[in-house]
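Have a look at the structure below before the remarks.
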Amino acid sequence: MRYRIETEKYPDSHTVDGVTVPVTRTRRVAVPVLPRDWDALAVRGVVGLVLALTLVSITWSTVSIAHLLDGTWTAYLAGGVFDLAWCAALGMAYLVRFRPDRRTVVDRVGWALLAVTVTAIGIEGHRTGGLAMACIGASVSIAAKALWWTFGHATRPELTADDAQWVAAQISAASAQLAVASVRRQVARAQDRAAAELLAMEASRRPPHGTVNVHATPSIPAAPAAIPAPDMLPAPAVTTAPEMALRLPEKTLVAALDAPDRAAERTAPDQPKQLSPGRPGARPNRGVTVPPAARDTTAPTRSDSDLLDALDALGEAAGGLSIRAAATHLCVGQVRAKRLLTEHAARRQAPLSLVHDGDREVSA
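The end of the sequence shown is residue 393 by the working numbering, with every number in the run present.
In structure tokens:
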């Protein structure tokens, strides 16, 4: 037994001052050397030698057949067909080496191609150099290709009858699985094609997008769910009677006094300016839709004396009203509210008259 010295690495530990750390060390080991496999070397040598002889044979037969076919470049291609076909048959024979029945068919095809090649080389040699030239030239291809047949016969595995049946059963099972997979793929492809054709036929019967089919039965939409009405609708912003201005609750009056800058309601000539652009005739009312009957109701025209009486009813609070608050309370425009506030202030500052109503009529 022969040995070969090799260096290998192995893990170890090293301790310094009580601290241990892992390290890697090297060592030399003797590894036994296996004896040479002379069988494998012989097979490699035989295969290399047969390949070299085959290349020579292919070259010789191709040139000979090309000369027989007038020597053009297409003749060289045609001459190489026979040898290349024989090489293909040789590879097929290797693939079916475990199936004697198929191996016989492949061997017969290879021998037939060899016979054609030998015949063509013999004719070319007899035409150019006589019978001796024909025999020797044809023997080149016979020798090279006979070597391959002999090599295959020498390396072909021999199987008993039982082993051959077992191998055939395994190959049959694998072939059945492959056949099932192929058939399922074909069935799936056919089903997909049938589904695509059905969808195409259905799509061709539909009207184009955006059109209405007059022959189709119109579908009746379901009735929408009933929307519950609110318990109470908000009162309209504009009052309908002059007495309502005198009956405002105290909280409303205090809110009007505390927020003089709140936007006042506009009079009838100014109402079109307040309409929303998206909905004609609609006015914003805190998100609640005002009924048309209430929206179209306008307050009757009130005289200045009635409005001054309404300011008198406020008492001392009328003196602190702003123009906007007064316009909101009296439901008039700001210009008129300003004039009424000025007149009301002047009336309050005027001295009280002690003349009775009868005397006032006499003096007048």
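Glycine included, every Cβ here is placed at the ideal spot set by N, Cα and C.
Check: So what does DSSP say about S90, is it helix, strand or coil?
Finding: DSSP places S90 in helix when its eight states are reduced to three.
Three or more C-beta pairs below 8 Å linking the segment 155-168 and the segment 213-231
With a cut-off of 8 Å, the segment 213-231 and the segment 155-168 do not count as touching, because too few Cβ pairs lie within range.
- request: Please check the pair A149 and S93, which I expect to be a contact at CB under 8 Å, by giving their CB distance rounded to whole angstroms.
  value: Between A149 and S93, the beta carbon gap of about 7 Å places them in contact (Cβ cut-off 8 Å).
- Option in R222, A59, L188 with minimal Cα separation from R128: Nearest C-alpha to R128: L188.
In terms of residue numbering, what span does the alpha helix (DSSP H) encompassing E231 cover? Unbroken alpha helix (DSSP H) run through E231: 190-234.
(Q) By the three-class DSSP mapping on this structure, what secondary structure does R54 have? (A) In this structure, R54 counts as strand in the three-state DSSP scheme.
Judging by CA-CA distance, which residue of Q363, D341, A167 is the nearest neighbour of A376? The sequence shown places Arg at residue 376, not Ala. If we check each option's Cα against that of R376, D341 comes out closest.
* Who are the near neighbours of G100 in its chain, counting only those whose CB is closer than 8 Å to its CB and skipping five residues on each side? -> So no residue of the chain qualifies.
request  = Spell out the partners DSSP gives K38 in its beta bridges.
outcome  = T55.
If I measure Cβ to Cβ from V135 and keep anything under 7 Å in the same chain, skipping five residues before and after, which residues do I get? Excluding five sequence positions before and after V135, the CB atoms of its chain that fall closer than 7 Å to its own CB belong to A118, M121, A122, V125, given in chain order.
Q.
Tell me the DSSP secondary structure of V361 in three-state form.
A. When secondary structure is reduced to three states using DSSP, V361 falls in the coil class, being assigned neither helix nor strand.
- Task: Can you tell me which of the three DSSP states V45 falls into?
- Result: The three-state reading of DSSP puts V45 in strand, counting E and B together.
Buried or exposed (CB count within 10 angstroms, at least 16 for buried), G344: Counting Cβ neighbours within 10 Å, G344 comes out exposed, since fewer than 16 surround it.
Quick one: using the 10 Å Cβ neighbour count with 16 as the cut-off for buried, is E153 buried or exposed? So E153 ends up on the buried side.
Query raised in the report: What are the partner residues of P186, as DSSP defines its beta bridges?
Result: In the DSSP assignment, P186 forms no beta bridge with any residue.
Worksheet entry | Nearest neighbour of A173, chosen from C116, W195, R185, A224 [CA to CA] | Minimum Cα distance to A173 is reached at C116.
Practice prompt. Could you check what DSSP says for P237 in three-state terms: helix, strand or coil?
Written response: It is coil, neither helix nor strand.
Does P61 come out as helix, strand or coil in the three-state DSSP assignment? Note: P61 maps to strand in three-state DSSP.
Q | For L350, the nearest candidate out of Y105, A366, P237 (CA to CA) | A | Minimum Cα distance to L350 is reached at A366.
TODO: With DSSP collapsed to three states, give me the class of L275.
DONE: Legend: pLDDT at L275 = 40, less than 50; position of this residue unreliable, value from coordinates given subsequently. Three-state result, L275: helix.
Quiz prompt | DSSP bridge partner residues for Y32 (one or two, in chain order) | solution = P61.
Less than 8 Å separating the beta-carbons of I60 and Y32?
-> Just to set this straight, residue 60 is Val in the shown sequence, not Ile. Contact: yes.
### Query
Grouping DSSP H, G and I as helix and E and B as strand, with all else coil, what is F127?
The answer is coil: DSSP assigns F127 none of H, G, I, E or B.
TODO: Return the CA-CA distance between V45 and P51, expressed in angstroms with no decimal places.
DONE: Whole-angstrom Cα-Cα distance: 11 Å.
| Whole-angstrom Cβ separation of G348 and A356, contact assumed at under 8 Å? | About 16 Å separates the two Cβ atoms, so there is no contact after all.
Any beta-carbon of chain C closer than 8 Å to the one on M121? Absent from the structure is chain C; it holds one protein chain and no more.
**Prompt:** What separation, rounded to the nearest whole angstrom, lies between the Cα atoms of G109 and L98?
**Reply:** Cα-Cα distance, rounded: 12 Å.
Original post:
Per DSSP, what kind of secondary structure is S351 in: helix, strand or coil?
Top reply: Here S351 carries a coil assignment [DSSP, helix/strand/coil].
*Between the Cα of S42 and the Cα atoms of T36, R54, E35, which residue gives the shortest distance?*
Checking every option, the nearest Cα to that of S42 belongs to R54.
Original post:
Is A393 helix, strand or coil by DSSP?
Top reply: Per-residue confidence for A393 stands at a pLDDT of 37, beneath the threshold of 50, marking its modelled position as unreliable; the derived number appears in the next sentence. Assignment of A393 by DSSP, reduced to helix, strand and coil, places it in the coil class.
- Just to confirm, are A167 and G151 a CB contact at a threshold of 8 Å? A distance below 8 Å separates the beta carbons of A167 and G151.
Beta-carbon proximity of W177 to V79, cut-off 8 Å: The Cβ atoms of W177 and V79 sit closer than 8 Å to each other.
TODO: Using three-state DSSP, classify G159 as helix, strand or coil.
DONE: When DSSP states are grouped into helix, strand and coil, G159 belongs to the coil group.
Q. Can you tell me whether DSSP reads T13 as helix, strand or coil?
A. Coverage of the chain is limited to positions 30 through 393, which leaves residue 13 absent and any answer about it impossible.
**Q.** Pairwise C-alpha distance: R132 and R185
**A.** Those two C-alpha atoms are separated by around 11 Å.
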